[in-house]
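Engineer: Structure provided below as structure tokens; questions to follow.
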Amino acid sequence: MAHNDYDSDVLVVGAGPMGATTALALASLGVRVHMITRYRWLADTPRAHITNQRALEVFRDLGIEDRMTLQGSDWRLMGDTLITTSLTGPEIARIRAWGTGDRRIGDYLAASPVGMLDIPQPKLENVLVSAAAERGATVGFNTEYLGLEQDADGVTAYLRDRISGVERPWRCRYLVGADGARSKVAEDIGIPIEGHSGRATTAYVQFTADLSRYVAHRPSILYWIMNPVGGFGEIGLGLLRAVHPWNEWIAGWGHDPANGEPDFSTDALRARIRALVGEPQLDVEIGRCSTWQVNQAYATRLSVGRVFCGGDAVHRHPPSGGLGSNTSVQDAHNLAWKLAHVVRGVADPALLDSYTAERVPVAQQIVERANTSRVEFQGIRDALAVYGGDPLRAATALMTDPGKDAVEARRALSLAVQVKDYEFNAHGIELNQRYRSGAVLPDPDVPPEEFARDPELYVQPSTRPGAKLPHAWVVGTDGTRVSTLDLVGSGRFAAVTGVAGSVWADAVEALGLDHLRSAVVGGPGAQDAYFEWAERREIDEAGVLLVRPDGYIAWRHGHVADVQEAVRLLGAALAAILGTTPSITGHPISGDAIQEERS
125 MAHNDYDSDV
135 LVVGAGPMGA
145 TTALALASLG
155 VRVHMITRYR
165 WLADTPRAHI
175 TNQRALEVFR
185 DLGIEDRMTL
195 QGSDWRLMGD
205 TLITTSLTGP
215 EIARIRAWGT
225 GDRRIGDYLA
235 ASPVGMLDIP
245 QPKLENVLVS
255 AAAERGATVG
265 FNTEYLGLEQ
275 DADGVTAYLR
285 DRISGVERPW
295 RCRYLVGADG
305 ARSKVAEDIG
315 IPIEGHSGRA
325 TTAYVQFTAD
335 LSRYVAHRPS
345 ILYWIMNPVG
355 GFGEIGLGLL
365 RAVHPWNEWI
375 AGWGHDPANG
385 EPDFSTDALR
395 ARIRALVGEP
405 QLDVEIGRCS
415 TWQVNQAYAT
425 RLSVGRVFCG
435 GDAVHRHPPS
445 GGLGSNTSVQ
455 DAHNLAWKLA
465 HVVRGVADPA
475 LLDSYTAERV
485 PVAQQIVERA
495 NTSRVEFQGI
505 RDALAVYGGD
515 PLRAATALMT
525 DPGKDAVEAR
535 RALSLAVQVK
545 DYEFNAHGIE
555 LNQRYRSGAV
565 LPDPDVPPEE
575 FARDPELYVQ
585 PSTRPGAKLP
595 HAWVVGTDGT
605 RVSTLDLVGS
615 GRFAAVTGVA
625 GSVWADAVEA
635 LGLDHLRSAV
645 VGGPGAQDAY
655 FEWAERREID
665 EAGVLLVRPD
675 GYIAWRHGHV
685 ADVQEAVRLL
695 GAALAAILGT
705 TPSITGHPIS
715 GDAIQEERS
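Residues 125 to 723 (our numbering) are what the sequence shown spells out, left to right.
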């Protein structure tokens, strides 16, 4: 069909983290994208907030890292997660969270050019949607998705303007369903979901109160309160979450739906918040109240035909570990470049099959991890069980009692707190993804990867195909530091090599492809002055890494003797990944070479 026969190349249903990142990434690559949301505006509750290093790397690639940084709470304020009897009462434990502790900060700094931020979802969505619109995406608010039909050439979606009631069809080449945990798009195309929903319920209330005198000296975004007002459910602790330090907050606690709806009366909520804080006269302004269910479900397939789903539509889980919006952003980054390459005719549509192959294992992992993190609070409660569920007595005994029971409680509590690293310092969960799909050409000359340390806790940089390109600092032409991640991305493949691998850079020039560039680490503009890249590249300086637009390594190869061989191998690898046949000055590269790289 002709270009003008489509209202847009891609229609995105939903304007949350996944939908808005998809729209921004597509618009940045010149794809005509229209995004709709049934709501009159964006998220109006804080919801997701923890923004991990990988999500920030995506935002860096999309050119909005600085804008996000302005909207978030600094990494240093995310720090000491407390377990305490109240904000004014005795503490039980502190957990150095999100890599801020002395033992882990070096791991985080070495793994990425960015840190972590705490960005409430309304602010995050505002940046994403604004940037997408600036780059050419169109946005329809108050627009409801009703259904769709697919054919060989595209998708017809049926939309309704919720203000006028007018319905209209929308014709697109591809549709992305990013419409949340109750996704109608996923339901309409029959996305299979494994797991179950509603296995626990949590009550939340937003409130305003100046708590700086209680927390500014021990900054954190999460304060877990062990006292009777928060003592129900598998976590069994109340929560005070800082939305904007230190006067905008959320109070949360487990709720038993068998007892009906929570008491959200103003007097009851003030009493509960004052008990969590430990200040009977605290001046509290109550905001919005809600309940939400704890889900444990993920999709085993992310697309049907020309329709793709991502974000909460395909992985549904509690916010433990801050994995939700971060994973949604990465879904979008993975899918968008593939859609763009197919829409522009650079890749065969079969490339899109790799989206399911690569992201389903990630969805399964984070759903299981987030739910397990909730259950692991039991260890803390068990450690203090000898005190009969009295947190004040337990906290006092931990600090003053030399007796046998107290000694054992302290030992058990220490072990239980260490287990919580799998929620609060799960660096490997965030950065250790390894992709296996048709968009990755395995290295046949190496044995299976073995992790030197726990792969959920610790990042293991690797240049194996399927791994994310390792970060290393190099030095630019003006003497400033540049990350190796900055040498790739921006919607293009990159052939990353060293000074001794000039034949690969020459091969890129010979291939003459707009979607392929070269990066010579060690040369001008990327001097390996710290020799960090030499330590992490895992291949000879004369070898090459073919890095995808999303920063993941698709293929690698060692030294070759001449430019002709480099052209043949690099062109064949790219063709095997994209399902097309690159040519050199109009002459196709051998199909045998393509098959050689694929096998």
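Glycine included, each C-beta is placed from N, C-alpha and C at the ideal position.
(1) By the three-class DSSP mapping on this structure, what secondary structure does residue 259 have?
(2) List the endpoints of the continuous alpha helix (DSSP H) containing residue 393.
(3) In the region 448-516, which residue ranges form an unbroken alpha helix (DSSP H) of at least 4 residues, counting only runs that do not cross its ends?
(4) Can you list, in chain order, the residues of its chain with a C-beta nearer than 7 Å to that of residue 444? Leave out the 5 residues immediately preceding and following it.
(5) Does residue 682 pass the burial test, meaning 16 or more other C-beta atoms within 10 Å, or should it be called exposed?
(6) Using 8 Å for Cβ pairs, my map puts residue 236 next to residue 181. What's the rounded Cβ distance?
(7) Are the CB atoms of residue 491 and residue 441 within a distance shorter than 7 Å?
(8) Kindly indicate which residue of 687, 564 and 674 has the alpha-carbon position closest to the one of residue 624.
(9) For a minimum of 4 consecutive residues, which ranges assigned as the alpha helix (DSSP H) are wholly contained in the region 256-339?
(10) Specify the secondary structure class of residue 544 as computed by DSSP and reduced to three states.
(11) If you count every other CB in all the chains shown that lies within 10 Å of the CB of residue 556, and 16 or more means buried, which is it?
(12) Could you check whether residue 299 and residue 431 sit closer than 7 Å to each other, using their CB atoms as the reference points?
(13) Below 8 Å, how does it come out for the region 163-176 and the region 586-598: are there three or more Cβ pairs, yes or no?
(14) Below 8 Å on the Cβ atoms is my contact criterion, and I expect residue 436 with residue 448 to pass it. Report the Cβ-Cβ distance as a whole number of Å.
(15) Where in the region 566-629 do unbroken runs of the alpha helix (DSSP H), each at least 4 residues long, occur, reported from the N-terminal end onward?
(16) When you compare the region 603-613 with the region 563-572, are there three or more beta-carbon pairs, one atom per stretch, that lie closer than 8 Å?
(17) Quick one: measure Cβ to Cβ for residue 371 and residue 334, integer angstroms, because I've assumed they're closer than 8 Å.
(18) Sorted by chain position, which residues of the same chain lie with C-beta nearer than 6 Å to residue 133's C-beta, five sequence neighbours on each side aside?
(19) Provide the residue span of the beta strand (DSSP E) that contains residue 159, from first to last.
(20) Candidates 562, 516 and 597: which alpha carbon is nearest residue 649's?
(21) On the CB-based measure, 16 or more other CB atoms within 10 Å of its CB, does residue 454 come out buried or exposed?
(22) When the Cα of residue 139 is compared with those of 223, 245, 184 and 193, which residue comes out closest?
(23) Grab the span of the alpha helix (DSSP H) containing residue 555 for me, first residue to last.
(24) CA-CA distance, residue 375 and residue 363?
(25) Can you give, in chain order, each stretch of the alpha helix (DSSP H) that sits fully within the region 205-256 and has at least 4 residues?
(26) In angstroms with no decimal places, state the Cα-to-Cα distance between residue 593 and residue 195.
(27) Buried or exposed: residue 465, going by 16 or more other Cβ atoms within 10 Å of its Cβ?
Structural biologist: According to the data block:
(1) coil
(2) 390-401
(3) 448-467, 477-499 and 502-507
(4) Take residue 444, set aside five residues on each side of it, and the residues of its chain with a beta-carbon closer than 7 Å to its own are 494, 497, 498 and 547, in chain order.
(5) exposed
(6) 6 Å
(7) yes
(8) 687
(9) Whole alpha helix (DSSP H) segments, 4+ residues: 308-313 and 336-339.
(10) coil
(11) buried
(12) Less than 7 Å divides the Cβ of residue 431 from the Cβ of residue 299.
(13) Because the criterion of three Cβ pairs below 8 Å is not met, the region 163-176 and the region 586-598 do not touch.
(14) 7 Å
(15) none
(16) no
(17) 5 Å
(18) Hits under 6 Å: 155, 156, 297 and 467.
(19) Residue 159 -> beta strand (DSSP E) spans 157-160.
(20) 597
(21) Classification of residue 454: buried, given that the 10 Å Cβ count is 16 or more.
(22) 245
(23) For residue 555, the uninterrupted alpha helix (DSSP H) run begins and ends at 551-555, by DSSP.
(24) 6 Å
(25) 229-235
(26) 27 Å
(27) buried
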